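Student: If you read the sequence shown in the working numbering, its first letter stands for residue 19, the second for the next number, and so on.
Glycine included, C-beta positions come from ideal geometry on N, C-alpha and C.
Predicted, not measured: the structure shown is a model, and the values here were computed from it.
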Amino acid sequence: MNMHAPAALLAALLLAAPAVDALPSPEPVAGTALRLTVTGPAPTATALSPDGVAPAAPAARSVTLRCDPAGGDHPRAAAACDDLDASAGRVERAPDDTACVLLYDPVEVRAEGVWRGRPVSFSRTYGNSCELRVRTGAVFAF
């Protein structure tokens, strides 16, 4: 028996196998996941009811927004993600020419989470819902 046969067979198999270069693994895409909360506006009735009960405080409502791809339980996720992309992840944008009524009916908002891997922590009180829409677009439109 030839002592070099196993080595020759192994060499032939290695040469016949396709060459595989080690490919670098792609960088993970940093995602967007934000918890958005809106509180307000206040109830329209501010006086006590006839039975002496005060109106309920404004209810807080929250949604989760995910981008890349757009999703979560935000009803306008694609538009909200587009607004964030257009402002490089800033929740608030410069106001446009929209005129809002000068009625103080405060709306509090909060955004917590990450946008493309960057931490986001934003909170602000706007004078009314119109001001909120003008300054934040679709981000808090739920």
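Measure the beta-carbon distance from Leu102 to His92 and round it to whole angstroms, keeping in mind my assumption that it falls under 8 angstroms.
Tutor: Mapped onto the sequence shown, residue 102 falls at position 84. Mapped onto the sequence shown, residue 92 falls at position 74. About 11 angstroms separates the two Cβ atoms, so there is no contact after all.
Student: From the DSSP output, read off the bridge partner residues of Glu126.
Tutor: Here residue 126 refers to the residue found at position 108 when the sequence shown is read from its first residue. Glu126 is bridged to Thr57 and Thr143.
Student: Is the beta carbon of Ala96 closer than 9 angstroms to that of Val167?
Tutor: What the structure shows of the chain is the stretch from 19 to 160, and residue 167 is not part of that stretch, so it cannot be assessed.
Student: Please name the residue in Thr50, Pro113 and Gly135 whose C-alpha comes closest to that of Val152.
Tutor: Looking up residue 152 in the sequence shown gives position 134. Checked all of Thr50, Pro113 and Gly135; the closest Cα to Val152 is Pro113.
Student: Quick one, are the C-beta atoms of Glu126 and Arg142 less than 9 angstroms apart?
Tutor: Counting from 1 along the sequence shown, the entry for residue 126 is found at position 108. Counting from 1 along the sequence shown, the entry for residue 142 is found at position 124. Yes. Within cutoff.
Student: Restricting to Cα atoms, I'd like to know which of Arg128, Asp100, Arg134 and Cys118 is closest to Thr55.
Tutor: Against the sequence shown, residue 55 aligns to sequence position 37. The residue with the shortest Cα to Cα distance from Thr55 is Arg128.
Student: Under the three-state reduction of DSSP, which class applies to Arg108: helix, strand or coil?
Tutor: By one-based count along the sequence shown, residue 108 stands at place 90. Looking at Arg108 - three-state DSSP - the assignment turns out to be coil, as it is neither helix nor strand.
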